[in-house]
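Visitor: This is the structure I have questions about; it appears just below.
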Amino acid sequence: MPESVAGGPIQPRCTVSEATALIKECLEKGVGWLWVEGEISNFLAHRSGHLYFTLKDPGAQLRCVMFRGSAGRLRAALRDGLRCVVQGRVTVYERGGQYQLIAERLVPLGEGELQLAFQALKERLAAEGLFAAERKRPLPAYPETIGVVTSPTGAAIRDIERVLRRRWPPIRILLRPTLVQGPEAAPDIARAIAELNSRDDIDLLIVGRGGSL
1 MPESVAGGPI QPRCTVSEAT ALIKECLEKG VGWLWVEGEI SNFLAHRSGH LYFTLKDPGA
61 QLRCVMFRGS AGRLRAALRD GLRCVVQGRV TVYERGGQYQ LIAERLVPLG EGELQLAFQA
121 LKERLAAEGL FAAERKRPLP AYPETIGVVT SPTGAAIRDI ERVLRRRWPP IRILLRPTLV
181 QGPEAAPDIA RAIAELNSRD DIDLLIVGRG GSL
């Protein structure tokens with residue numbers, strides 16, 4: 001009869017290393033990647049180039065490490081008290097028996113909400129394969145007709161036309177006027193792209209907004 005603990009039979013046992021490895025696997029598969037908002041504390045820049053810090057809020061704290069490669073891409077100087085949003089993956093530091101976030105990106109709050117949204121959009125489109133190399137087509141060296149999707153009254157169309165005429169005077173420019181801001185802009189731009197893309201006489205499309213090129 002096997003030994004018992006608290007009146008029950010002992011189940012198949014594992015080592016501490018095996019238990020920790022199992023916990024690590026469950027966390028990595030079950031939680032994976034996260035965007036986490038909090039305040040930096042206990043910040044340490046190691047001579048190896050790795051960054052160590054704790055991300056906290058009033059109710060909890062999360063140990064984080066950002067390895068040298070990711071730290072080298074930071075645009076902001078980290079410090080204790082900095083409120084930020086961190087993207088990373090949850091894992092377990094087995095030797096210390098502690099779970100932590102491996103930070104890949106960090107954006108200070110108040111400076112980067114738009115950048116965060118842009119980055120999230122880029123990642124979603126990349127996951128859909130829209131940036132894959134095999135989807136890209138070679139550009140003609142000397143296009144005859146370029147379709148332009150933009151506002152007919154903004155600075156963008158003037159800048160686009162000026163640059164195109166300077167670089168390739170014979171070019172034919174076909175403008176498809178659209179909204180470039182507001183809730184109706186996205187569907188209007190999508191319709192414009194579809195319309196111009198269906199034509200056989202257009203070599204390239206430019207979707208433009210803003211005052212520079």
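So in full-length UniProt numbering, spot 168 of the sequence shown is number 168, and the numbers just go up one at a time.
C-beta: ideal position from N, C-alpha, C; glycine also.
Note that the structure is predicted; figures quoted are calculated from it, not measured.
Express the C-alpha separation of Ala-126 and Leu-55 in angstroms, rounding to a whole number.
Guide: Taking the first residue of the sequence shown as 1, we reach residue 55 at position 55. Taking the first residue of the sequence shown as 1, we reach residue 126 at position 126. When rounded, the distance between both Cα atoms is 28 Å.
Visitor: Taking the straight line between their C-alpha atoms, what separation do you get for Asp-201 and Ile-146?
Guide: Residue numbering aside, residue 201 sits at position 201 when the sequence shown is read from its first letter. Residue numbering aside, residue 146 sits at position 146 when the sequence shown is read from its first letter. Approximately 9 Å between the Cα atoms of the pair.
Visitor: Under 9 Å, do Arg-209 and Gln-181 count as touching if we go by C-beta distance?
Guide: The residue labelled residue 209 in the question sits at position 209 within the sequence shown. The residue labelled residue 181 in the question sits at position 181 within the sequence shown. Yes, the Cβ-Cβ distance between Arg-209 and Gln-181 is below 9 Å.
Visitor: By the three-class DSSP mapping on this structure, what secondary structure does Thr-178 have?
Guide: The residue labelled residue 178 in the question sits at position 178 within the sequence shown. Residue state, collapsed to three classes: coil.
Visitor: Skipping 5 residues on each side, what residues in its chain have a beta carbon closer than 8 Å to that of Ile-206?
Guide: Here the question's residue 206 lines up with position 206 in the sequence shown. Cβ within range, chain order: Ile-146, Gly-147, Val-148, Val-149, Thr-150 and Ile-160.
Visitor: From Gly-129 to Arg-13, what distance separates their C-alpha atoms?
Guide: Here residue 129 is taken as the residue at index 129 of the sequence shown, counted from 1. Here residue 13 is taken as the residue at index 13 of the sequence shown, counted from 1. Rounded to the nearest angstrom, the two C-alpha atoms are 45 Å apart.
Visitor: Which residues does DSSP list as the beta-bridge partners of Tyr-142?
Guide: Along the sequence shown, one-based indexing puts residue 142 at 142. Tyr-142 is not bridged to any residue.
Visitor: Among Ile-23, Gly-97, Leu-22 and Leu-101, which has the Cα closest to the Cα of Gly-38?
Guide: In the sequence shown, residue 38 corresponds to position 38, counting from 1. For Gly-38, the nearest C-alpha among the options comes from Leu-101.
Visitor: When DSSP labels each residue in this structure, what does Lys-118 get in the three-state scheme?
Guide: Position 118 of the sequence shown, counted from the start, is the residue given in the question as residue 118. It is Phe, not Lys, that sits at residue 118 in the sequence shown. Looking at Phe-118 - three-state DSSP - the assignment turns out to be helix.
Visitor: Look up Cys-84 in the DSSP assignment and give the residues it is bridged to.
Guide: If you number the sequence shown from 1, residue 84 lands on position 84. DSSP output for Cys-84 lists Gly-38 and Pro-108 as bridge partner(s).
Visitor: According to DSSP, is Gly-69 helix, strand or coil?
Guide: The count along the sequence shown starts at 1 and reaches residue 69 at position 69. In this structure, Gly-69 counts as helix in the three-state DSSP scheme.
Visitor: Cβ atoms of Arg-68 and Ile-40: under 9 Å apart, would you say?
Guide: Counting from 1 along the sequence shown, the entry for residue 40 is found at position 40. Counting from 1 along the sequence shown, the entry for residue 68 is found at position 68. It is not a contact, given that the beta carbons lie outside the stated cut-off.
Visitor: Under 7 Å Cβ to Cβ from Leu-27, same chain only, skipping five residues before and after it: list those, please.
Guide: Within the sequence shown, the letter at position 27 stands for residue 27. Here the set comprises Val-90, Thr-91, Val-92 and Tyr-99.
Visitor: Can you check whether the CB of Ser-48 is closer than 9 Å to the CB of Glu-104?
Guide: The residue labelled residue 104 in the question sits at position 104 within the sequence shown. The residue labelled residue 48 in the question sits at position 48 within the sequence shown. No. Outside cutoff.
Visitor: Are there 16 or more other CB atoms within 10 angstroms of the CB of Thr-153, so buried, or fewer, so exposed?
Guide: On the sequence shown, residue 153 is found 153 positions in, with the first residue counted as 1. Exposed is the call here.
Visitor: Hey, quick one: how far does the beta strand (DSSP E) through Val-207 stretch, first residue to last?
Guide: Counting from one through the sequence shown, the residue named residue 207 turns up at place 207. It spans 204-207 - the beta strand (DSSP E) in which Val-207 sits, taken as one unbroken run.
Visitor: Looking at the strands, I want to know which residues DSSP matches up with Phe-131.
Guide: Residue 131 sits at position 131 when you count from the first residue of the sequence shown. In DSSP, Phe-131 forms no bridge with anything.
Visitor: Determine the direct distance from the alpha carbon of Ile-23 to that of Thr-15, and round the result to whole angstroms.
Guide: Translated into the one-based positions of the sequence shown, residue 15 becomes position 15. Translated into the one-based positions of the sequence shown, residue 23 becomes position 23. Approximately 12 Å between the Cα atoms of the pair.
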